[in-house]
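For the sequence shown, position 84 matches number 117 in my numbering, and the numbering has no gaps at all. Notes follow the structure.
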Amino acid sequence: MNPEPDAPIPAPQGKQGLRLRCGYGTDRGLRRETNEDSFIAADPVFAVADGMGGHEAGEVASGICVRTLAGIPQLAGGGRDATAGVVQQYLYAADEGIREATGSLAGTTLSGVVVVEQLGVAYWLVLNIGDSRTYRLSHGTLSQVSVDHSEVQELVDAGQITRAQAAVHPRRHVVTRALGSGDETEADFWLLPIEDGDRMLVCSDGLNGELDDDRIARILTSEADPQQAVDELIQAALRSGGRDNVTAIVVDAGLDAGPAAG
Ligand code: MN
34 MNPEPDAPIP
44 APQGKQGLRL
54 RCGYGTDRGL
64 RRETNEDSFI
74 AADPVFAVAD
84 GMGGHEAGEV
94 ASGICVRTLA
104 GIPQLAGGGR
114 DATAGVVQQY
124 LYAADEGIRE
134 ATGSLAGTTL
144 SGVVVVEQLG
154 VAYWLVLNIG
164 DSRTYRLSHG
174 TLSQVSVDHS
184 EVQELVDAGQ
194 ITRAQAAVHP
204 RRHVVTRALG
214 SGDETEADFW
224 LLPIEDGDRM
234 LVCSDGLNGE
244 LDDDRIARIL
254 TSEADPQQAV
264 DELIQAALRS
274 GGRDNVTAIV
284 VDAGLDAGPA
294 AG
């Protein structure tokens, strides 16, 4: 069937003119013997896993986690066909793999974004389990998308402490959900339409434990290049103490407008 002569040209299905640029980095920090963080930054998956366990078991746990994400067939070769349900199935597999490999002595957090497309529209599929974080810088405003699974977040939710008090609370490192340990292995998911100019930050708590949100926002808004933004964030975290492993990924999205009307 031919369209009417003056009918609008339908938007092309699939690629929406999405351009991604990213920077990434990780540092052992100044106090830890090993770096138990792992990350993946390969379109369409940008994620950080913070392993816990000691004796290198944490590295094993976070490594299994990111390799599992890398192996999702719907995402192979830049595919955009994953859904939250698909990703969660692989996270269950990662959870089992970590328990087998470490004798349930280690666990890992996971936070990040998977770029997906549905009906030709591109989305950030944000995922989180534990207390690594995913932030979005949109029109100059930084907001934390993921919600920590931590004891102090529960106290904040209950109105017992403020976010500022949580940041210095002695139990701020206690995670209430993780892969590979504990009873809860469900991730939280958010599906956000990608907007032109979006900048996503994914990081381990070694970053946001050293830098408050205002400091992070100032660096993200003052460094246009994603790799320079990452380098500056990590250096700032080290200068303010570097008490933990620190990992950061910055992903910038550009979205071309549809074909000009005419
Ligand atoms: Mn950490």
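We put the CB at the ideal spot given by N, CA and C, even for glycine.
{"query": "Nearer than 7 Å: is that true of the beta carbon of S237 relative to any heavy atom of the ligand MN?", "result": "yes"}
{"query": "Within its chain, find whatever has a CB closer than 8 Å to the CB of I194; leave out the 5 residues flanking it on each side and keep chain order.", "result": "V185, L188 and H202"}
{"query": "State the DSSP-derived secondary structure class of S144, mapped to helix, strand or coil.", "result": "strand"}
{"query": "Less than 7 Å separating the Cβ of N278 from some heavy atom of the ligand MN?", "result": "yes"}
{"query": "Just to check my reading of the structure: V99 and A82 have Cβ atoms closer than 8 Å, yes? What is that Cβ distance to the nearest angstrom?", "result": "5 Å"}
{"query": "Confirm, please, whether the CB-CB distance from L158 to F79 is below 8 Å.", "result": "no"}
{"query": "Can you list, in chain order, the residues of its chain whose CB lies under 6 Å from that of T280, leaving out five sequence neighbours each side?", "result": "T59, D70, F72, V81 and S237"}
{"query": "Can you list, in chain order, the residues of its chain with a C-beta nearer than 8 Å to that of A115? Leave out the 5 residues immediately preceding and following it.", "result": "P77, I105, Q107, L108, V147, V149 and L158"}
{"query": "Flag D181 as yes when its Cβ comes closer than 7 Å to any non-hydrogen atom of the ligand MN, and as no otherwise.", "result": "no"}
{"query": "Throw me the rounded Cβ distance for the G274 and V208 pair, which I believe falls under 8 Å.", "result": "Incorrect: roughly 20 Å between the Cβ atoms, too far for contact."}
{"query": "Just mark A139 as buried or exposed, buried being the case when its beta carbon has 16 or more other beta carbons within 10 Å.", "result": "buried"}
{"query": "What number of angstroms, rounded off, separates the C-alpha of T142 from the C-alpha of S165?", "result": "6 Å"}
{"query": "Take R132 and list the residues in its own chain whose beta-carbon comes closer than 7 Å to its own, dropping the five residues that flank it on each side.", "result": "G213"}
{"query": "Flag this pair as yes or no: are the beta carbons of S144 and V283 separated by less than 8 Å?", "result": "no"}
{"query": "So the candidates are G91, R251, A211 and P259; which of them puts its Cα closest to the Cα of G230?", "result": "P259"}
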